[in-house]
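Chains as they are written, first to last, in our numbering: chain A, 1 to 337; chain B, 1001 to 1337.
Beta carbons: idealized from backbone N, C-alpha and C, even for Gly.
2 protein chains.
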Amino acid sequence: MRHRLKDVAERAGVSVKTVSNVVNGYQHVRADTRARVEAAIAELNYRPNLSARNLRKGRTGVIALAVPELDIPYFAELARHVVTAAAEHGWTVLIDQTGGGPEQERKAASGIADHMIDGLIFSPLALTADDLAGLDGMPMVLLGERVDHGPADHVVVDNVAAAREITAHLVGLGRRRIAAIGSQRTPEGASARLRLAGYTAALADAGIAYDEHLVAPAPAWHRADGAAAMRHLLTTGVRPDAVFCFNDTLALGALRALHEAGLRVPDDVAVAGFDDIEDGRFSIPTLSTVAPDKERIARLAVELLANRLTADPETPPRELVAPHRLALRESAPSRRS
Amino acid sequence: MRHRLKDVAERAGVSVKTVSNVVNGYQHVRADTRARVEAAIAELNYRPNLSARNLRKGRTGVIALAVPELDIPYFAELARHVVTAAAEHGWTVLIDQTGGGPEQERKAASGIADHMIDGLIFSPLALTADDLAGLDGMPMVLLGERVDHGPADHVVVDNVAAAREITAHLVGLGRRRIAAIGSQRTPEGASARLRLAGYTAALADAGIAYDEHLVAPAPAWHRADGAAAMRHLLTTGVRPDAVFCFNDTLALGALRALHEAGLRVPDDVAVAGFDDIEDGRFSIPTLSTVAPDKERIARLAVELLANRLTADPETPPRELVAPHRLALRESAPSRRS
DNA sequence: ATCGTTGCTTACAACGTTGTACAAACCAGG
DNA sequence: CCTGGTTTGTACAACGTTGTAAGCAACGAT
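Right under this line is the structure:
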């Protein structure tokens, strides 16, 4: 029982286009005509067919947000901000979960939703600049570090600086055997490399020698990986007095492993993370972390996309840096303990 | 630089429809024609316009999942499973964040994505049966408790039984002053009412008198609300020896508040939650909880929707119950401590 | 009276795709 | 060489919407 403009038009005794004009808020429609049409719309419970409208207009009013995994809190929180920011531009957000695999990411970027979305905000793990080059024309904003200086607009946080600051904070607490959890050698590990660079820079600043035994890899950045890496560090006997985890879920896993080992945080081992997810404000102990301004990231991404949609396609891609700050809580407090 | 069927057809020297046939895998196309067309498609990097295809076919291949908030881990985890299950049916999932308000939910159900989606999986908080009745025709599956026996297909877990079981488990630990956190009197609080009913039933089973001072409301079910409710319980002097929180984020907040009050879990106060979110496996202590089979819920919802799309619209709505189990961890362990 | 003007409405075509109906080419058997 | 059936390709219309151009009143100014 779906109705069309034509049905409304017949009922109101006007032409199809007049109904269309009423629906779209066109100015010059006489008040009584408008009223008749609106009555007919209400009676039939008419709602426009968006596929047809999109076909006609070439715009869909939908943008996609592609993230590796929704149940990583950072991405979920980011998604919320993107939905909010997009709503202010009148967009609906289609959230696509890529799983992080190269094949799925390529498909997300080029594939399924094609022609159903006006643009794409993409947080890629595995995608290369070459992959992106194949996507002629899809307006796109990238989040994160993977494809720096690629052919698309870009919103980042200064990972190196942020990692350096939080590591320096651990140094400032008097810690000297500072471990790092989350390094990755795969091509997907761009963020890991940058955060590792910040970590080593801070050590160098403090005149502390880099010790590769204190750097633990993590295949993914989930709680379980953080716990496993921490347990591994503890068994190898390197006995760190602080740990910088490359994201908060790793850090929460590390807290858990330290607890199981009977070590006190921050007294025996200080712990710091990265992302400032909600969990870290309620964990025991609460988590010191780098807090990227997620709302700002989302807002900048949506605005870049909005500009990209109206701008000359030859406009060179822009890279914007979103601010971050340190959120110092119990696991590595602001005063020397 | 977007190409159409017509462009491909000209390049391959065939008609538009023949290209369409190739794209859709139609059988009777000579091998050399097919090869020419495919070459042209590849050269032009042609991809079909889904809006036009949808318009023509009346199907979009997209279903929507509407949830109140993405950064509630339960919904994020559920979303992941829905995306996975839907992919097996060839569907893309548009995830819509309603915020839980009545107005936004009505809009999500009827509005923006209309005619762009084949169906809707909806986890409503504020929606009434009347609201749903207005949505003639949109194939829909509801998750959760709000609109029981409404006009739509439905997937639930047996909240009363589950709450009763976990409360009985606390009783079995020897606890007698068992608090509940998360009650709600608003119409949105359907799940809260059911879980409260299970709680009171379990107390009755054990011959423990119901004490309203042990039942703390929570306006929302976030960590902060759980912490606030727990603090409130502790200040009123009722001194519970166990707490059943109506979901896991409330429980994590409660753990935090207990920790701040210097109380030990589970020795002084046992804590149980509901949802089995990832966090609860790594919190300190780990969280005992009701574990609904989220994968099953997602799969059942997608299948109900698939049936609804092909079935006679007069088929009466079905209600399916997804299984649950107790996940007993440190905060309320399986042996009497 | 005639001529623009302005306000309101309409008819028609087009967006890119696919289903229907049919035509052309092919093949085998008489 | 024709007949009848199958395979392969084409032309046209339609999906529901909106932009364009133009029609038709009613109006004040000439």
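Through-space distance from residue j to residue i, alpha-carbon basis
i, j, result
"A/Ile112", "B/Asn1049", "Confidence in A/Ile112 is poor, its pLDDT being 48 and thus under 50, which makes the residue's placement unreliable; the coordinate value appears in the next sentence. Going by the C-alpha atoms only, they are around 11 Å apart."
"A/Ala204", "A/Gln184", "21 Å"
"B/Thr1207", "B/Ala1201", "A small correction: the amino acid at residue 1207 of chain B is Gly; Thr does not occupy that position in the sequence shown. Cα to Cα, B/Gly1207 sits roughly 10 Å from B/Ala1201."
"B/Asn1159", "B/His1169", "15 Å"
"B/Tyr1074", "B/Thr1249", "9 Å"
"B/Val1037", "B/Asp1007", "11 Å"
"A/Leu305", "B/Asp1118", "27 Å"
"B/Phe1246", "B/His1222", "11 Å"
"B/Ser1020", "B/Ala1042", "14 Å"
"A/Ser337", "B/Val1265", "Here A/Ser337 scores only 47 on pLDDT, less than 50, and its place in the model is too uncertain to base an answer on."
"B/Ser1331", "A/Trp91", "43 Å"
"A/Ala152", "B/Asn1054", "29 Å"
"A/Ala229", "A/Pro333", "23 Å"
"A/Ala192", "A/Ile284", "26 Å"
"A/Thr310", "A/Gly58", "13 Å"
"A/Thr84", "A/Ala76", "13 Å"
"A/Val93", "B/Val1302", "21 Å"
"A/Ala9", "B/Glu1212", "60 Å"
"A/Val243", "B/Leu1143", "41 Å"
"A/Ala87", "B/Leu1263", "44 Å"
"B/Leu1044", "A/Arg281", "52 Å"
"B/Tyr1210", "B/Leu1287", "25 Å"
"A/Ala16", "A/Val22", "Strictly speaking, residue 16 of chain A in this sequence is Val, with Ala absent from that position. When rounded, the distance between both Cα atoms is 10 Å."
"B/Asn1024", "B/Asp1032", "17 Å"
"B/Gln1027", "B/Asp1312", "30 Å"
"B/Arg1308", "A/His3", "21 Å"
"B/Pro1317", "B/Met1140", "10 Å"
"A/Tyr46", "B/His1324", "42 Å"
"A/Gly198", "A/Ala66", "27 Å"
"A/Leu328", "A/Ala39", "59 Å"
"B/Arg1256", "B/Ala1216", "16 Å"
"B/Arg1056", "A/Ser51", "9 Å"
"B/His1089", "A/Pro124", "25 Å"
Reduced DSSP category for residue i - H, G, I as helix; E, B as strand; rest coil
i, result
"A/Phe246", "coil"
"B/Pro1073", "helix"
"B/Val1067", "strand"
"B/Val1269", "coil"
"A/Leu94", "strand"
"B/Leu1263", "coil"
"B/His1169", "helix"
"A/Val156", "strand"
"B/Val1215", "strand"
"A/Ala209", "coil"
"A/Tyr26", "coil"
"A/Gly253", "helix"
"A/Ile112", "Note that A/Ile112 has pLDDT 48, beneath the 50 cutoff, so the model's placement of it is unreliable and no number is given."
"B/Asn1049", "coil"
"B/Ser1191", "helix"
"B/Glu1145", "coil"
"A/Gly59", "At residue 59 of chain A the sequence reads Arg, which differs from the Gly that was named. Coil."
"A/Gly226", "helix"
"B/Leu1125", "coil"
One or two residues paired with residue i in a DSSP bridge
i, result
"A/Leu120", "A/Ala64 and A/Met140"
"A/Ala179", "A/Val243"
Rounded Cβ spacing between residue i and residue j (contact assumed at less than 8 Å)
i, j, result
"B/Ala1254", "B/Ala1227", "7 Å"
"A/Val155", "A/Leu300", "5 Å"
"A/Thr178", "A/Ile121", "A quick correction: the sequence has Ile, not Thr, at residue 178 of chain A. Wrong, their Cβ atoms sit about 35 Å apart, outside the cutoff."
"A/Phe80", "B/Asp1096", "One detail in the question is off: residue 80 of chain A reads as Arg in this sequence, not Phe. Actually they are not in contact, since the Cβ atoms of A/Arg80 and B/Asp1096 sit about 12 Å apart, beyond 8 Å."
"B/Glu1145", "B/Ala1218", "So it is not a contact: roughly 17 Å between Cβ atoms."
"A/Asp279", "A/Thr289", "With a Cβ gap of about 10 Å, A/Asp279 and A/Thr289 do not count as contacting."
Residue i: CB within 8 Å of a non-hydrogen atom of the ligand FAD
i, result
"B/Arg1281", "Ligands are entirely absent from the displayed structure, and the ligand FAD is therefore not among its contents."
> In the region 271 to 336 of chain A, which residue ranges form an unbroken alpha helix (DSSP H) of at least 4 residues, counting only runs that do not cross its ends?
Replying inline: 294 to 310
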